Amino acid sequence: MIKIKNLCKSFGDNQVLKNITETINQGDKVVVIGPSGSGKSTFLCCLNCMEDPTSGSIIFDGEDLADLKVDINKHRQNIGMVFQQFNLFNNKTVMENITLAPVHLKKLTPAEAKERAMELLARVGLEDKADVYPSTLSGGQKQRVAIVRALAMNPKVMLFDEPTSALDPEMVGEVLDVMKQLADEGMTMVVVTHEMGFAREVGNRIFFMDEGQITEQGTPEEVFGNPKSPRLQDFLSKVI
Amino acid sequence: MNFASKFDVFWELFIVQGGWKRVLSVGLVNTLLIAVLGLLIGIVLGTLIGAVKVMPKYKLLPKILDKICTVYVGFFRGTPIVVQLLIGYYVLWPLLGITISPLNTSIIIFGLNSAAYVSEIMRGGILSIDPGQMEAGRALGLSYSTTMIKIVIPQAIKNILPTLGNEFIALIKDTSVVSFVAATDLYKTFTEIGNVRYEYFMPYLAMALMYMILVFIISCGVKAMERSLRKSDKN
Chain H
224 MIKIKNLCKS FGDNQVLKNI TETINQGDKV VVIGPSGSGK STFLCCLNCM EDPTSGSIIF
284 DGEDLADLKV DINKHRQNIG MVFQQFNLFN NKTVMENITL APVHLKKLTP AEAKERAMEL
344 LARVGLEDKA DVYPSTLSGG QKQRVAIVRA LAMNPKVMLF DEPTSALDPE MVGEVLDVMK
404 QLADEGMTMV VVTHEMGFAR EVGNRIFFMD EGQITEQGTP EEVFGNPKSP RLQDFLSKVI
Chain S
62 MNFASKFDVF WELFIVQGGW KRVLSVGLVN TLLIAVLGLL IGIVLGTLIG AVKVMPKYKL
122 LPKILDKICT VYVGFFRGTP IVVQLLIGYY VLWPLLGITI SPLNTSIIIF GLNSAAYVSE
182 IMRGGILSID PGQMEAGRAL GLSYSTTMIK IVIPQAIKNI LPTLGNEFIA LIKDTSVVSF
242 VAATDLYKTF TEIGNVRYEY FMPYLAMALM YMILVFIISC GVKAMERSLR KSDKN
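Chains H and S are the protein sequences, given in the same order.
Numbering-wise (our numbering), the first sequence opens with residue 224 and increments by one.
Numbering-wise (our numbering), the second sequence opens with residue 62 and increments by one.
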């Protein structure tokens, strides 16, 4: 589904991603873990070119997203993204947040978009919040709306950038539940997170990133049960 | 100085002979017309310039636009408004071979002038919006300009409304120089009353009072707006 070839990203002299080559398959639930500053979020942001790769390629739908000539907006419509800080549009109601992009990009008619939004909101238990503004929602509710907003575009893959890191502990569960549900439905997902329980339970592949490289990967059993590198052993001993 | 006789002369001209009618229906109306329409032009043009200023500048076109806007803002902030009025009316229009009435000239020049100031206000307003808003829009597949127009700029405008109110107040006061190009505003109509008997003491005092009342009313409006915005931010 997404082929990453020799991906490098530098901010000035600081090389954040070092030559990453990886394939993410249809239906994969990839969970990216690793210490802060290891390049996890940058890696995720390169997948939909929110950060333009310095070199290398991201092959999605047969096109190289890293190529500046490719219409990135078209491809982003198929790549949902959920942010740590939710980033709901403050000047739009929940309903408008969800329907804005599908309607504007002519994926759905206003009526269809509304219907789909209500359907998705019902799934995350927020159908009564359709007409309120984001500022009235709790963090967990905001993040669920943000997930719905991404889903309304019917994406082929969903990227989650530390979706629970900005939440109060008691709200983490409700967001993870929605993500689990999504995983069960077969959505292809790439999740950057510090929730090791979620990684173990939902992920089918775990990437451990350290200093801009994926230094170890495997199934949750392999990575959590039998970590090979001392760096990963050290990291796991600190977070679990 | 005989205050009573000065007052009597003014009373005679302003009230009895109906001088107030022209002051209100021509002077006040034109002053407001220049300030309101000027501000509207300023907001539209200033928003465009402000948006250009915050555009990412990887490509050539934004770079060129940015240079043009810098020169534009530099000119309008670097010269007095009177000079701009005179240049427009006596230099630019003849050069272009067009005739524009003094009133319309004033509206245009005040619009162009306030655009330069509004663009800086707008630039600050746009920069004050969380970059996450732009990221979210782009991640959904919306273009830079769509996200800017639908998401960022409406929030920026809401944040800078009180500042725009103050710009409007500044504009009202600045309009008192439009008689340089023979436009008729509050100042001009009061001067006309003074010219009748070469007696300017009362007319100019009344004029000052009029400007003060005008500004007072608008600043009350701005304050009310600030209050209601703060309320809507809370919920």
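Idealized CB from N, CA, C, for every residue including glycine.
These numbers were taken from a predicted model, which means no experiment stands behind them.
Let me make sure I understand the geometry here. Which of 301/H, 263/H, 344/H and 315/H has the alpha-carbon closest to that of residue 380/H? Comparing Cα positions, the closest option is 301/H.
Using 10 angstroms around the beta-carbon of residue 408/H, count the other beta-carbons present and answer buried if the total reaches 16, otherwise exposed. With fewer than 16 other Cβ atoms within 10 Å, it is exposed.
In terms of residue numbering, what span does the beta strand (DSSP E) encompassing residue 440/H cover? 436-441
Contacting positions in the segment 195-221 of chain S - beta carbon closer than 8 Å to chain H: 196, 197, 198, 199, 200, 201, 202, 203, 204, 207, 211, 212, 215, 216 and 219
What does DSSP give as the partner residue(s) for residue 308/S in the beta ladder? Residue 308/S lies beyond the range of chain S shown here (62 to 296); nothing can be said about it.
Given a threshold of 16 other Cβ atoms within 10 Å of its Cβ, counted over all protein chains shown, does residue 180/S qualify as buried or as exposed? buried
List, in chain order, every chain H residue whose beta-carbon is nearer than 7 Å to that of residue 193/S. 306, 308 and 310
Can you list, in chain order, the residues of its chain whose CB lies under 7 Å from that of residue 415/H, leaving out five sequence neighbours each side? 255, 263, 264, 267, 383, 384 and 385
Report yes if the CB atom of residue 437/H is closer than 7 Å to the CB atom of residue 430/H, and no otherwise. Contact: yes.
Between the segment 141-149 of chain S and the segment 231-251 of chain S, are three or more C-beta pairs nearer than 8 Å? yes
Can the beta-carbon of residue 249/H be found closer than 7 Å to that of residue 442/H? no
Compute the Euclidean distance between the alpha carbons of residue 369/H and residue 422/H, then round it to the nearest angstrom. 21 Å
Counting C-beta neighbours from all protein chains within 10 Å, is the total for residue 138/S 16 or more, i.e. buried, or is it exposed? exposed
Can you tell me whether residue 130/S is buried or exposed, with buried defined as 16 or more other CB within 10 angstroms of its CB? buried
Run through the DSSP bridge pairs and tell me what residue 231/H is partnered with. 278/H
Just grab the DSSP bridge partners of residue 245/H for me. 227/H
In angstroms, rounded to a whole number, what distance separates the CA positions of residue 85/S and residue 247/S? 8 Å
Are residue 164/S and residue 244/S touching if we call contact CB-CB under 7 Å? yes
With 8 Å as the C-beta to C-beta threshold (strictly closer), list the residues of the segment 285-297 of chain H near chain S in chain order. 296 and 297
Using a beta-carbon distance cut-off of less than 9 Å, what residues from the segment 402-414 of chain H approach chain S? none
Would you mind sorting residue 232/H into buried or exposed? The rule is 16 or more other CB atoms within 10 Å of its CB. buried
What residues match up with residue 303/H in a beta bridge as DSSP calls it? For residue 303/H, which the question treats as bridged, DSSP gives the partners 381/H.
Could you check what DSSP says for residue 432/H in three-state terms: helix, strand or coil? strand
Can you give me the Cβ contacts of residue 353/H inside the same chain, cut-off strictly under 8 Å, excluding the 5 residues immediately before and after it? 316, 317, 318, 340, 341 and 344
For residue 300/H, return the contacting residues in chain S, with the cut-off set at a CB-CB distance below 8 Å. 201 and 202
Do residue 371/H and residue 347/H come within 7 Å of each other at the CB atom, strictly closer than that value? Contact flag set, yes.
Measure the C-alpha to C-alpha separation of residue 394/H and residue 363/H and round it to an integer number of angstroms. 5 Å
Span separating the alpha-carbon of residue 360/H from that of residue 183/S: 29 Å
Indicate the three-state DSSP secondary structure (helix, strand or coil) for residue 237/H in the structure shown. strand
Which first and last residues belong to the beta strand (DSSP E) in which residue 411/H is found? 411-415
Distance cutoff 7 Å, beta carbons only. Does residue 324/H sit that close to anything in chain S? yes
Report the rounded CA-to-CA distance for residue 296/S versus residue 216/S, giving the unit in angstroms. Confidence is the limiting factor: at residue 296/S the pLDDT is only 48, short of 50, which leaves the residue's position unreliable and the question unanswerable from this model.
To the nearest angstrom, report how far apart residue 280/H and residue 295/H are at their CA atoms. 13 Å
What residue range does the beta strand (DSSP E) around residue 256/H cover? 252-256
Residue 311/H, enclosing alpha helix (DSSP H) - first and last residue: Taken as a continuous stretch (DSSP letters only), residue 311/H belongs to no alpha helix (DSSP H), as it is neither H nor E.
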